[in-house]
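A.B. asks: The structure's right below; bear with me while I get my questions together.
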Amino acid sequence: MEDIPGVTGALISVTISQSLYAISKAVHDEVGNALYKKYNCYFHDCLDHPEYLVDIIQQIFGDGYISIIHNINKKLEEFSYQKPINEFLLGLYK
Amino acid sequence: MKTNLNIFLIFSLLAIFCIITISNIINYSYAEFFSNVINLGATSSLLGLCIVNNFRVGMHGGHGAAWILFTLSIATWFIAERMWELNMLTHADLFWFSGYVFYFIFGIMYLKPFAHQISKQIIVISSLVVVPIFIAVFFTIEWQSISHTDMIIASYPLVDAIMLIPSIIGLTLFFKGRVRFSWTLLLIGMTMFVMADYGFMYFDSIEEYYPGHIVDVPYIWAYVIFIGGILANINLFQKRDKNKRFNDQNLMK
Chain A
144 MEDIPGVTGA LISVTISQSL YAISKAVHDE VGNALYKKYN CYFHDCLDHP
194 EYLVDIIQQI FGDGYISIIH NINKKLEEFS YQKPINEFLL GLYK
Chain B
513 MKTNLNIFLI FSLLAIFCII TISNIINYSY AEFFSNVINL GATSSLLGLC
563 IVNNFRVGMH GGHGAAWILF TLSIATWFIA ERMWELNMLT HADLFWFSGY
613 VFYFIFGIMY LKPFAHQISK QIIVISSLVV VPIFIAVFFT IEWQSISHTD
663 MIIASYPLVD AIMLIPSIIG LTLFFKGRVR FSWTLLLIGM TMFVMADYGF
713 MYFDSIEEYY PGHIVDVPYI WAYVIFIGGI LANINLFQKR DKNKRFNDQN
763 LMK
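Note that the protein sequences, when read in sequence, are chains A and B.
Just so you know, our numbering puts 203 at position 60 of the first sequence, and the rest follows in order with no gaps.
Just so you know, our numbering puts 720 at position 208 of the second sequence, and the rest follows in order with no gaps.
Given below as structure tokens:
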């Protein structure tokens, strides 16, 4: 299936946003701010750089990051037939 | 910021130790007075900071709810302390035990988003910490002459020990993360409560406890260390900077 430009990025952004919001607004804002501060990127940019997201969540929660990644993975699993999303999910577990 | 917090903790803990010890040497009534004043100051500050922390973390999500429960536990302990000072001991016990329930649920709510990683093995290993405290309490109690009041007093270190379980699980999960510092302080604070409540139980059983006793030192320390834990959490989640471009992505919500 062809990706409509920007849609996959938006899906990634919404999923990350939802997963972090489920923990707390403060965690959502802190991860977003730290991503921008360290890598100059937004949630949707994590589609190409999942390692940035992993790094920031790991800095805050240590080994607890695995659960957050697992949660994001569960939400995106049904879209994993799309190549960019599949690559993003694989990147989260690298 | 972490250095300032360490300085605050070291200075406060030393000051509390010196004030209580010196006032005990001078006169027991001074010790009672200073113990009550420091307790009021520490518990009020802690409650105030908990409310600030709630505004900082927000009400959304598992952690938002968890920190509200933490504030409730501190609020009930604050009320219990005031009741204890007014000699309303039965009511004070009721509020203290309610606080433990809120604290335990706080631990569970905080850890819930990480439930995927919490195995039965971690829970069992963390629970083992309670065993030596149960044994110590078991051998300190004089079972032949135990009263209803003695049983309530003996249950405090045991319940404190149970409260250590979520803290230990949290610490193993977040060991390499920035939230580790506040979890470490909550664990140390609760350990101080275990020591202080065990000490209170022991000195009360040999009828040597009086308000302002030196065993109150770790008890007040626990509240101050909790203040450190809350401050660490407040500092972790800084206020949002409206000038940061990150906030532009809120347009997507």
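Note that the Cβ used here is the ideal one computed from N, Cα and C, for glycine as well.
1. Taking just the CA atoms, how far does Tyr182/A sit from Glu812/B?
2. Check Val642/B in the structure and name its three-state DSSP category.
3. Which residues of chain A have a Cβ atom closer than 9 Å to the Cβ of Gln629/B, listed in chain order?
4. Which whole-angstrom value is the C-beta distance of Leu235/A and Pro193/A, which I expect to be below 8 Å?
5. Could you give the C-beta distance for Met702/B and Leu676/B, rounded to a whole number, given that I count them as a contact under 8 Å?
6. Of the residues that make up the segment 189-201 of chain A, which ones have a beta carbon closer than 8 Å to any beta carbon in chain B?
7. Express the C-alpha separation of Ser679/B and Leu526/B in angstroms, rounding to a whole number.
8. Just mark Tyr224/A as buried or exposed, buried being the case when its beta carbon has 16 or more other beta carbons within 10 Å.
9. Within 10 angstroms of the Cβ of Thr602/B, are there 16 or more other Cβ atoms? Answer buried if so, exposed if not.
10. Quick one, which of Gly207/A, Tyr195/A and Ser167/A has its alpha-carbon nearest Trp579/B's?
11. Can at least three beta-carbon pairs, one atom from the segment 208-215 of chain A and one from the segment 691-698 of chain B, be found at a separation below 8 Å?
12. May I ask which residues mark the beginning and end of the alpha helix (DSSP H) holding Tyr622/B?
13. Near Cys562/B, which residues of its chain fall below 7 Å by C-beta distance, leaving aside the five closest residues on each side in sequence?
14. Do we get a CB-CB distance below 7 Å when we pair Tyr224/A with the residues of chain B?
15. Applying a beta-carbon distance threshold of less than 9 Å, which residues of chain A neighbour Pro723/B?
C.D. replies: To lay it out plainly:
1. There is no way to answer for residue 812/B, as the model of chain B reaches only from 513 to 765.
2. helix
3. Asp206, Gly207, Ile209, Ser210 and His213
4. 5 Å
5. Right, their Cβ atoms sit about 5 Å apart.
6. Gln201
7. 25 Å
8. Burial check for Tyr224/A: the Cβ neighbour count within 10 Å stays below 16, so the residue is exposed.
9. exposed
10. Ser167/A
11. no
12. Here the alpha helix (DSSP H) through Tyr622/B covers Leu601 to Leu623.
13. Phe582, Thr583, Ile586 and Ile742
14. no
15. Those do not exist, as Pro723/B stays about 39 Å from chain A at its closest Cβ, beyond 9 Å.
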